[in-house]
Structures are given as C-alpha cells and as structure tokens.
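Notes follow the structure.
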Ligand code: RP5
C-alpha cells in the first residue's frame with residue numbers, strides 16, 4: 016500500500032546503453048521540476064511533460080494531489096519539494112496551480128486540462144488575483160509547460176541550455192523536411 020503522504024515518484028533521467036533516456040528512481044532532493052496533478056485522470060497531460068523532461072535529462076517528481084479534495088497533501092508536497100519549478104495540471108475549476116503558488120515563492124506553471132467546457136480550467140488558471148502569479152500554457156499542453164520550466168532552469172544551467180537548443184533544432188529540421196515532403200508529394 017502506497018503511503019499517500021509519500022506520494023513522490025522521483026526519477027532521474029539517464030541515457031541507457033542504447034542511448035534511450037530512461038527514468039530511474041532516485042531521492043526526493045534530486046527533482047528539479049515537480050509535477051502535481053489534480054487527479055490520476057490527468058495523467059495523459061502529465062505524460063507529455065514527463066516525456067520532455069526525460070528527453071532533456073531533467074530529474075522530476077510527480078504527485079497526485081487535489082486542491083479541493085486533499086489540500087493538506089498539496090501543501091505538504093510543495094513544502095517538502097526541493098524542485099526549482101512546479102508544473103500544476105488540473106481540469107474543471109482548476110485551483111491547483113494557484114494553491115501551489117500560495118505555498119511557495121518558486122515559479123508555478125499551470126496546465127489546464129480539457130473537458131466538457133475547456134474555458135473553465137483555462138480561466139481558473141489565467142484569472143489569478145493580484146499578488147499570486149501563475150504562468151499558464153494552452154489546454155493539455157503539458158509539453159510546453161515542461162519546455163517553459165526547462166527554459167527557466169537553463170538560465171543558470173549551460174548544459175541544459177545546449178540540450179534545449181538541440182531540441183529546438185530537431186523541431187526546426189522536422190518543419191523543413193515536411194516542406195520537402197509537401198513539394199515532392
Ligand atoms: C480536477 O477534476 C482534476 O484535475 C481532473 O482534471 C478533474 C476530474 O477529476 P477526477 O474526477 O477524474 O478525479 O480536479
């Protein structure tokens with residue numbers, strides 16, 4: 016039985032002998048980005064963040080904690096985390112990013128999760144009251160949240176900056192090769 020008060024899945028991302036990035040368990044003090052999601056049903060969006068963090072070799076932690084249903088767990092998680100940046104993923108009346116930001120001075124990136132309305136979670140994250148800043152990315156854009164977190168950390172991490180530039184270059188090359196496919200098809 017998992018102790019809900021130790022809900023961390025901490026990973027350190029290392030290339031294996033085939034060069035593929037693998038997530039390994041490590042200590043909670045190693046996470047540089049902490050992903051919180053309001054429900055395990057948000058996992059498809061969180062997976063997009065994790066894929067980017069693995070690719071960029073950024074150790075991360077993941078916790079399921081709801082702003083409304085387990086506010087004590089959210090507070091404990093934030094206060095116990097050594098991460099430099101938080102990614103908070105939630106749908107419906109998505110209070111999670113704002114609540115995370117109320118417990119820390121570290122930057123929080125909110126990811127609205129799509130549902131029946133979509134504007135509910137977008138507005139809940141964007142319309143924070145003055146004094147409690149939360150950065151917002153697009154609906155289900157866990158990938159952009161991870162890239163934004165990486166850019167923040169890369170300000171003081173030149174090795175990460177060069178991995179980010181490689182990622183950027185790969186995207187650029189994909190666009191250019193797709194243009195070739197359009198012309199030849
Ligand atoms: C939000 O309510 C969660 O972030 C999730 O997006 C949504 C639905 O939660 P579940 O009913 O799947 O637990 O709090």
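Numbering (this note's numbering), first residue to last: 16 to 200. We put the CB at the ideal spot given by N, CA and C, even for glycine. Computed from a predicted structure; not experimentally measured.
Check                                                                                                : Outcome
Residue span of the beta strand (DSSP E) that contains residue 98, given as start and end            : Element bounds for residue 98: n/a, residue is neither H nor E.
Alpha carbon of residue 194 to alpha carbon of residue 145, nearest angstrom                         : 44 angstroms
Given 8 angstroms, three or more beta-carbon pairs between the segment 120-133 and the segment 75-91 : no
Residue 52: CB within 7 angstroms of a non-hydrogen atom of the ligand RP5                           : yes
Residue 60 and residue 128 closer than 8 angstroms at C-beta                                         : yes
Distance between residue 142 and residue 92 (C-alpha atoms, nearest Å)                               : 24 angstroms
According to DSSP, residues forming a beta bridge with residue 49                                    : 76 and 101
Identity of the residues DSSP links to residue 124 by a beta bridge                                  : 102 and 150
DSSP state of residue 165 mapped onto helix, strand, coil                                            : helix
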